[in-house]
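Student:
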Amino acid sequence: KAGVTQTPRYLIKTRGQQVTLSCSPISGHRSVSWYQQTPGQGLQFLFEYFSETQRNKGNFPGRFSGRQFSNSRSEMNVSTLELGDSALYLCASSLMIAADTQYFGPGTRLTVL
Amino acid sequence: AQKVTQAQTEISVVEKEDVTLDCVYETRDTTYYLFWYKQPPSGELVFLIRRNSFDEQNEISGRYSWNFQKSTSSFNFTITASQVVDSAVYFCALSEAKKAGNMLTFGGGTRLMVKP
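If you're matching them up, the sequences are chains A and B in order.
Using this note's numbering, the letters of the first sequence map in sequence onto residues 696 to 808.
Using this note's numbering, the letters of the second sequence map in sequence onto residues 3 to 118.
(1) Whose C-alpha, out of B:Gly-109, B:Gly-103 and B:Ser-76, is nearest the C-alpha of Gln-59 (chain B)?
(2) Answer yes or no: does any C-beta atom of chain B fall closer than 8 Å to that of Tyr-798 (chain A)?
(3) Are the CB atoms of Thr-700 (chain A) and Ser-728 (chain A) nearer to each other than 8 Å?
(4) Please check if any C-beta of chain A sits within less than 8 Å of the C-beta of Arg-113 (chain B).
(5) At what residue ranges does the region 69-98 of chain B contain a whole run of the beta strand (DSSP E), taking only runs of 3 or more?
(6) Along the beta strand (DSSP E) that carries Thr-112 (chain B), what are the first and last residues, could you check?
(7) DSSP has Cys-718 (chain A) in a bridge; who is on the other side?
(8) Please decide whether Ala-99 (chain B) counts as near chain A, where near means a Cβ-Cβ distance under 8 Å.
(9) Let me confirm a value: Gln-797 (chain A) is counted as buried when at least 16 other C-beta atoms fall within 10 Å, else exposed. Which label applies?
(10) Skipping 5 residues on each side, what residues in its chain have a beta carbon closer than 7 Å to that of Ala-99 (chain B)?
(11) By the criterion of Cβ-Cβ separation under 7 Å, what are the contact partners of Ile-747 (chain A) in chain B?
(12) Pick helix, strand or coil for Gly-757 (chain A), following the three-state DSSP scheme.
(13) Comparing C-alpha positions only, which one of A:Ala-794, A:Cys-786, A:Leu-790 and A:Ala-793 sits nearest to Arg-804 (chain A)?
(14) Verify the CB distance criterion: does Glu-17 (chain B) have a CB-CB separation below 8 Å to chain A?
(15) Please report the distance separating the alpha-carbon of Arg-768 (chain A) from that of Leu-716 (chain A).
(16) Residues in the same chain with beta-carbon distance under 6 Å from Thr-702 (chain A), minus the five sequence neighbours each way, listed in chain order, please.
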């Protein structure tokens with residue numbers, strides 16, 4: 696079974712731009728979560744979707760948003776990029792709606808100049 | 003609020019040494035799940051183990067073993083006879099049952115360097 700895939704793997708943007716990252720979960724998984732990883736803050740939860748509904752949201756500004764499609768694929772969007780948004784963005788998928796193991800993709804490394 | 007602490011930020015050992023990575027957690031929930039993930043230089047988080055709060059049995063998988071002690075809120079991870087390929091950052095994580103979803107709270111990670 697193919698794992699979680701994320702595109703693109705690397706991205707360079709400038710301040711003020713917006714960016715969209717994509718995640719395809721493991722086949723059959725309906726829960727998708729997003730995490731941001733930075734050297735200073737570590738791994739932080741962004742949001743989680745299940746059956747196209749946002750289930751949980753972390754403590755991030757409204758510039759960070761996401762959505763999930765009927766095929767469980769998910770996208771996250773960051774508008775008005777700031778230098779501090781430079782990070783590794785990791786997507787994870789789970790089979791069940793809760794209390795399940797999350798399997799992670801390779802991540803998208805975003806650099807904001 | 004939930005919290006996971008990995009006090010060891012970096013550990014360096016010589017190949018074949020045993021090494022234990024510490025994890026201490028805080029939660030008010032009586033039902034919760036603990037995880038260990040490995041992050042090699044490629045960046046992908048690789049799932050290693052999941053343990054629920056009702057199962058305090060220690061587990062051994064090859065060279066890996068885990069010691070879960072509710073009395074001390076710890077979930078430690080031991081690698082026996084370490085190998086260079088074990089070099090990575092290891093994360094301990096917590097998921098609480100009362101929170102909807104699968105949200106994980108991660109510790110800060112422990113960077114393990116195994117030298118030949």
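Think of the CB as a built atom: it goes at the ideal place given N, C-alpha and C, for glycine as much as any other residue.
The structure presented is a predicted model; accordingly, all values stated were derived computationally and were not measured.
Tutor: Reading from the atomic positions:
(1) B:Ser-76
(2) yes
(3) no
(4) no
(5) 76-81 and 90-98
(6) 112-117
(7) A:Gln-701 and A:Ser-769
(8) yes
(9) buried
(10) Asp-31, Thr-33 and Tyr-34
(11) For the sequence presented, residue 747 (chain A) should be read as Glu rather than Ile. Per Cβ cutoff of 7 Å: no residues; Glu-747 (chain A) is ~14 Å from chain B at best.
(12) coil
(13) A:Cys-786
(14) no
(15) 11 Å
(16) Ser-717
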